[in-house]
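**Student:** Quick note on numbering: the sequence shown equals residues -32 to -1, 1 to 184 in mature numbering (1 follows the signal peptide of the UniProt record, and there is no 0).
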Amino acid sequence: MALLGFQSSRRAFPYLLTILFLSCGQIHRASSVLLSGLKNHHGNHHQRKPLVHPNQTTCALFMGAWVRDDSYPVYQSSACPIVDPQFNCQMYGRPDSDYLKLRWQPANCELPRAPYLVDIDSVQGKRVLKLDDVSGNGNAWRDVDVLSFNTGHWWSHKGALQGWDYMQSGGSLYQDMDRLVALERGLRTWARWVDANVDYSRTRVFFQSISPTHYK
């Protein structure tokens, strides 16, 4: 698993592009009444909580507890063809399933989940992936000592595993677009945020790309 450290995301981004082999694809713009309503909707932007609690000065990631989260699991192993057999407990007859709803909660800080790095908001009951906006997630990343980012496979999911209903880019809404094009736009938004908001004299930034495997 490669872990790359960059002093500036302006230097990082060309490397990411060479890895991704981005190609231009046909973008299909949706024209439904629902899309028009979503485009004209201006709801309250969701702001992530800061990673460290207000009354704390440090984040002890390895002190905490496993807590139940009813939004878990984030995917069903039976619907994911790339789960390695040795990690598929349900396939081999494990009778309980409550462990699938457990997530790690540090004692004095939050671990916000942002698989796309850019923001994803709920608008009129639909999930809108905002390729041009990272300000909501960025609120949780400010003023920490180490930022380690990775994203990749979430962008390729379709059907039940797809994490959004629509994409928003350049003021337009899309039902879908070439996934590598979407990933490039999202990474450019993320890179601009890092350059504008991270103090490199106190924060080290890593971009990990896609891990070969990461099952527990």
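Ideal placement from N, C-alpha and C gives every residue a C-beta, glycine not left out.
Which residue marks the beginning of the alpha helix (DSSP H) containing S103, and which one marks its end?
**Tutor:** 103 to 109
**Student:** Any chance the stretch 109 to 125 sits against the stretch 146 to 153, with 3 or more Cβ pairs inside 8 Å?
**Tutor:** yes
**Student:** Can you round the beta-carbon distance between D87 and K98 to whole angstroms, since I take them to be within the 8 Å contact cut?
**Tutor:** 5 Å
**Student:** Can you give the Cα-Cα distance for R(-22) and Q54, rounded to whole angstroms?
**Tutor:** Low confidence applies here, because R(-22) scores a pLDDT of 48, under 50, leaving its location unreliable and the question unanswered by this model.
**Student:** Starting from W161 and walking both ways along the alpha helix (DSSP H), at which residues does that stretch end?
**Tutor:** 147 to 165
**Student:** For a test of the three-state rule: what should DSSP assign to residue 188, helix, strand or coil?
**Tutor:** Residue 188 is absent from the structure shown; the chain starts at -32 and stops at 184.
**Student:** Looking at C-alpha atoms only, which residue of G127, K126, S103, D64 is the closest neighbour of A159?
**Tutor:** S103
**Student:** Determine the extent of the beta strand (DSSP E) in which Y142 is found, giving its start and end residues.
**Tutor:** 140 to 144
**Student:** For the stretch 73 to 84 and the stretch 104 to 113, state whether three or more C-beta atom pairs, one from each stretch, are separated by less than 8 Å.
**Tutor:** yes
**Student:** Hey, how far is the Cα of C48 from the Cα of G32?
**Tutor:** 30 Å
**Student:** Thinking C-beta only, is T157 closer than 8 Å to D64?
**Tutor:** no
**Student:** Is it the case that the Cβ atoms of R147 and W123 are separated by a distance below 8 Å?
**Tutor:** The criterion of a C-beta distance shorter than 8 Å is satisfied by R147 and W123.
**Student:** Please state whether the Cβ-Cβ distance between A28 and A75 is less than 8 Å.
**Tutor:** Going by beta carbons, A28 and A75 fall inside the 8 Å limit.
**Student:** Give the secondary structure of A33 by DSSP, where H, G and I count as helix, E and B as strand, and everything else as coil.
**Tutor:** Shown here, A33 sits in a strand according to DSSP, grouped into three states.
**Student:** Leaving aside the five residues before and after V35 along the sequence, list all residues of the same chain whose C-beta is less than 6 Å from its C-beta, in chain order.
**Tutor:** Q73
**Student:** By a C-beta neighbour count over all protein chains shown, 10 Å radius and 16 as the cutoff for buried, is Y134 buried or exposed?
**Tutor:** buried
**Student:** Between S45, K69, L70, which lies nearest to G61 when the distance is taken from Cα to Cα?
**Tutor:** S45
**Student:** Go ahead and pull the three-state DSSP assignment for S137.
**Tutor:** strand
**Student:** In the DSSP assignment, find the unbroken beta strand (DSSP E) run with residue 207 in it and report its ends.
**Tutor:** This structure does not reach residue 207, given that the chain is present from -32 up to 184, and the question cannot be answered.
**Student:** I'd like to confirm the pairing. Which residues does DSSP put opposite R81 in its beta bridges?
**Tutor:** For R81, which the question treats as bridged, DSSP gives no partner whatsoever.
**Student:** Excluding five sequence neighbours on each side, which residues of the same chain lie with their C-beta closer than 6 Å to the C-beta of R172?
**Tutor:** For R172, where only same-chain residues beyond five positions count, the Cβ hits under 6 Å are V114.
**Student:** In three-state DSSP terms, what is L129?
**Tutor:** L129: helix per DSSP, three-state reduction.
**Student:** Taking DSSP as the reference, what is the three-state secondary structure of S65?
**Tutor:** coil
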